[in-house]
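Numbers given in our numbering equal positions in the sequence shown, counted from 1, plus 282. Backbone N, C-alpha and C define an ideal beta-carbon position, used for all residues, glycine too. Just so it is clear, the structure is predicted and the values come from calculations on it, not from any experiment.
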Amino acid sequence: MSEDSAPRSNRFSRRGLLAAAGAIGAVSAVSACDSSKDTADSSASGGSGGVYYWLSHGTPGDPIWVIANNGATQAGKDLKADVRTSFFSNDVAKQKEAFTSAIAAKPAGIATSAPQPKVLDDLIAQATKAGIPVITFNSDTPTSNRLAYVGADLQLAGVTWANYLVDNDLVKSGDKVWLPVEAAGATYQVLETTGIKSVFSKHSITVDVFQAGSDPAQSLSAMQDYLTANKSSVAAVIGLGDLVMGNIQKAFTAAGIAPGKTPVVGWGNTKDTATAVKAGYVQAALWQYPDSQGYLPIALLKMLKDGLGAGYDIATTALYTKDNVDDYARFLK
283 MSEDSAPRSN RFSRRGLLAA AGAIGAVSAV SACDSSKDTA DSSASGGSGG VYYWLSHGTP
343 GDPIWVIANN GATQAGKDLK ADVRTSFFSN DVAKQKEAFT SAIAAKPAGI ATSAPQPKVL
403 DDLIAQATKA GIPVITFNSD TPTSNRLAYV GADLQLAGVT WANYLVDNDL VKSGDKVWLP
463 VEAAGATYQV LETTGIKSVF SKHSITVDVF QAGSDPAQSL SAMQDYLTAN KSSVAAVIGL
523 GDLVMGNIQK AFTAAGIAPG KTPVVGWGNT KDTATAVKAG YVQAALWQYP DSQGYLPIAL
583 LKMLKDGLGA GYDIATTALY TKDNVDDYAR FLK
C-alpha cells in the first residue's frame, strides 16, 4: 500500500485524554440521558459537570451509532455531566431544529455530526457567538467555527480504500467500482467519493454511487437487486457506510457472488462486516473507533468548561484485514 493510502493514526491517545478529563470531573451526582428517538430528547437536570448536547445525523439502530451513543453516555457518567443524545436519521431539518433548541438552552457545549456539507455552519456560528463551544464528530464541517473534530478524515478514507484496490491490483483501467451508500449527498458520501475519485481518475476507473437507503431490510433488498442485475459489470465495491457494508455478505450470497470474486473495501464498524472479512467477502475495512466519537467530544467540551485548552482535532481510523480482524471484532457484539 502506498504511503498516502495509509490511514492517519491517532495523534492523542484516548487513555491519556480520559485521564485528564476524569481528573477534572466534579464530584456531585450524574444524570446521563440515552435517547433512542429520532428527535431531540432531554434528560433530567444536569450534574455539576454541566449540560451537553450530542446530536447525531445517524439512526439509533445503526450499529456504529449504538457504540457511539454508549460512549457519549459513559462520558456523562465519568465526568459527572448531563449528556443529552439525539438521533435524526439523516433528517437535516429536524437536526437543525434540535440544534437551535440546544442553543436556546445555553448548555456548556454542543457536539454534533454534520449531516451535509455546510448546512450547520450558520448555527455553529450562532452558538459560538452565544459563548457555546461546538465540537464536531464522525462527519466534519471544517468551514464552520467548530473548535475541534473527532473522527475519521473522510476524504482520506476514500483515498485509502481506492489506493488499496489499486495497489493490490484488484482494479484496472476501464473498470467500474460500485459505491453503495445509505444517504447519497450526505457529508460522508461526498467527501469519501471525492477521495476515491482523486485516485481513480488517474487510472481511468469510474464509480457508480448507489443510494441503498437507511432502512436495514430495504437497503439489503436494494443491494441484492442491483448486484443481481449488474454483477458482471462491477469490478469492485467500496461501501461508503456501515449499514451497506454489513449487507455485503448477504447481498453477495443472494446474487451468487463467491467470496473473493469481487473485491470489497469500506467501513468496518459492525460485527457483520468483521464476519465478512473473516469469510473473505471483504478484503479490508476501516475501523473508526465509534466509542471514541461518542466519548471524546464530551471530554473535550468538559475540558473547555473547566478552562483547559481543547482546540485540536483527533483522528480515529485504523485499517484491518483478515490478518488482524480479531483486534477489532472483540469490540463488536
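task = Measure the Cβ-Cβ separation of Gln570 and Gly433 and say whether it is below 8 Å.
result = yes
task = Identify whether Ile349 lies in helix, strand or coil by the three-state DSSP scheme.
result = helix
query = For Ile478, which residues from the same chain have a beta carbon less than 8 Å from its beta carbon, with the 5 sequence-adjacent residues on both sides left out?
reply = Gly440, Val441, Trp443, Ala444, Val459, Leu461, Val489, Ile520
request  = Report buried or exposed for Lys587, applying the criterion of at least 16 other Cβ atoms within 10 angstroms of its Cβ.
outcome  = buried
request  = Locate the beta strand (DSSP E) running through Ile520, then write down its first and last residues.
outcome  = 518–521
query = Looking at the unbroken beta strand (DSSP E) that takes in Gly548, where does it start and where does it end?
reply = 546–549
request  = Go ahead and pull the three-state DSSP assignment for Phe492.
outcome  = strand
query = According to the neighbour-count rule (16 or more other Cβ atoms, all chains shown, within 10 Å of its Cβ), is Lys604 buried or exposed?
reply = exposed
inquiry  = What does the alpha-carbon distance come out to for the pair Asn606 and Leu522?
reply    = 21 Å
ask   = What residue range is occupied by the uninterrupted alpha helix (DSSP H) comprising Ser480?
value = 469–482
Identity of the residue in Asp524, Leu583, Ser515 nearest Thr552 by Cα = Asp524
request  = Enumerate in chain order the residues of its own chain whose CB-to-CB distance from Pro399 is below 7 Å, with the five nearest sequence positions on each side excluded.
outcome  = Thr423, Thr469, Val472
query = For Gln531, is the classification buried or exposed, using 16 other Cβ atoms within 10 angstroms of its Cβ as the cut-off for buried?
reply = buried
inquiry  = Between the segment 551–565 and the segment 368–386, can you find at least three pairs of beta-carbon atoms closer than 8 Å?
reply    = no
message = Please give the ranges of any alpha helix (DSSP H) in the segment 373–439, keeping only runs that are unbroken, at least 4 residues long and fully inside the region.
response = 374–386, 403–411
query = Three-state secondary structure (DSSP) at Thr367?
reply = strand
Cβ-Cβ separation, Leu568 to Gly550 (assumed contact under 8 Å), whole Å = 6 Å
inquiry  = Tell me the residue span of the alpha helix (DSSP H) that contains Pro579.
reply    = 572–587
ask   = Ordered along the chain, which non-local residues of its own chain (more than five positions away) have a Cβ less than 8 Å from that of Ile385?
value = Ile392, Leu405, Gln408, Ala409, Ala412, Ile414
Straight-line Cα distance separating Ala597 from Asp435 = 7 Å
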